[in-house]
Amino acid sequence: MQELGHSCIRLDQYTICWVSVMSCLLLAFLYVGSLYVCWSTLPRDHPRVIKRRSVSVALVSAVSPAFVKLWMHWADITVEESLWELMGVRLKGFIPASVLPLLLITFFYLGPLVQSALDNPDGFSGELHSALDVQSWRMCVQDAAWLRNQVVAPVTEELVFRGAMLPMLVPCTGATAVIFIAPLFFGVAHLHHIIEQLQLGKDNLRAIILGAGIQFLYTTVFGVFAAFIFLRTGHIVGPVLCHSFCNSQGLPDIGSALSRPQRSAVLICYLTGVLLFLVMLFPFTDPFLYGARPVCSLAASQALEC
């Protein structure tokens, strides 16, 4: 019998890895497959398609805790913490887990945020007014596409690909390697957009594959960051809020920054933001701020992240 922290694992490591990887693959397949349960020729941004898909992924994310519970039974794993705590849904350390990771990603996007303010005729005050405008928020919550991108996708994807999958992979890979392995499931899951692009027929196959490759790259990179935040804080709320923020901002448009008259100032903001992000990454995710992290009880060795 091998004891891991508060966990008790009775199966050999090979069997645990096999069960863990297959469980994650099945969960990823269910999440993506649920999008195509009711096939439609309508585009993915059509309100009817958005509502239908939002319901389907919400159902998959709702059963993901049961999925983790079944995995614990199959892999013969027991933990002292509750299932929800294991998946990062807990109260202790909730406020810093909500604020500090979001502040980190805001540092990273300092350049694009300054660039956006420069593009606004009213400058920074105009950007702030837009962010705090109640009417603007009311219009957003009535927009199906906005709700999908800012609420449904971040909550369901983080609960499935971080909250459910990371605990299942940690006993197999360890706390460090899982940060780079788990996001591959997240990146591959987004390749289904190739099917949608082929259905629309707006681009040639080469352009579609190139776009899918770029999307796979940045979703995987974000997945590494989200997995790191989850392991360091033991909370799912940080990855959810960062996911929503990144969806609202998109990829930084460095090309546009280079073409503007104030490019030196904007590039300095880009560089400053990245430096702040790197400098504050570990202090802002110091486990001391968040208390004991249940997912770390599954790790065979207490790596830096745990």
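Once you know that position 251 of the sequence shown is 257 in my numbering, the rest is easy, because the numbers rise by one and skip nothing. Note that beta-carbon positions come from the ideal geometry of N, C-alpha and C, so glycine has one too. Just so it is clear, the structure is predicted and the values come from calculations on it, not from any experiment.
Phe-113 is the residue among Phe-113, Lys-57, Arg-54 whose C-alpha sits nearest the C-alpha of Thr-278. Taken atom to atom, the span from the alpha-carbon of Ala-170 to that of Val-95 is near 11 angstroms. In the displayed model, Ile-242 falls within coil according to three-state DSSP, outside both helix and strand. In the DSSP annotation of this structure, Pro-267 is not part of any alpha helix (DSSP H), being labelled neither H nor E. If you keep only unbroken beta strand (DSSP E) runs of at least 3 residues inside the region 44–105, you get nothing at all. By the Cβ test, the region 85–94 is not in contact with the region 224–233, since fewer than three Cβ pairs between them sit closer than 8 angstroms. Collapsing the DSSP output to three states places Arg-144 in a helix. Bounds of the alpha helix (DSSP H) holding Thr-162 are 159–164. Within 10 angstroms of the beta-carbon of Phe-294 lie fewer than 16 other beta-carbons, which makes it exposed.
Between His-241 and Glu-164 a beta carbon distance of about 10 angstroms is seen, past the 8 angstroms cut, so the two are scored as non-contacting.
With contacts defined as CB atoms closer than 8 angstroms, Val-63 and Val-158 qualify as a contacting pair. Secondary structure of Cys-312 (DSSP, three-state): coil.
Per DSSP, reduced to three states, the secondary structure at Ala-183 is coil, with no helix or strand assignment. Burial of Leu-33 is indicated by the presence of at least 16 other C-beta atoms within 10 angstroms of its C-beta.
With 16 or more other CB atoms across the displayed protein chains lying within 10 angstroms of its CB, Val-25 is buried. Around the Cβ of Val-147, a 10 Å sphere holds fewer than 16 other Cβ atoms; the residue is exposed. Contact between Val-166 and Ser-60 does not hold, since their C-beta atoms are separated by about 14 angstroms, which reaches or exceeds 8 angstroms. In the DSSP annotation of this structure, Ser-303 is not part of any alpha helix (DSSP H), being labelled neither H nor E. Under the three-state reduction of DSSP output, Pro-127 falls in the coil class, being neither helix nor strand.
With distances taken between CA atoms, Leu-257 lies nearest to Thr-225 out of Ala-305, Asp-149, Thr-225, Pro-49. In this structure, Cys-302 lies away from Leu-175, with their beta-carbon atoms at least 8 angstroms apart.
Boundaries of the alpha helix (DSSP H) around Ala-151: 150–153. For Tyr-224, the three-state secondary structure derived from DSSP is helix.
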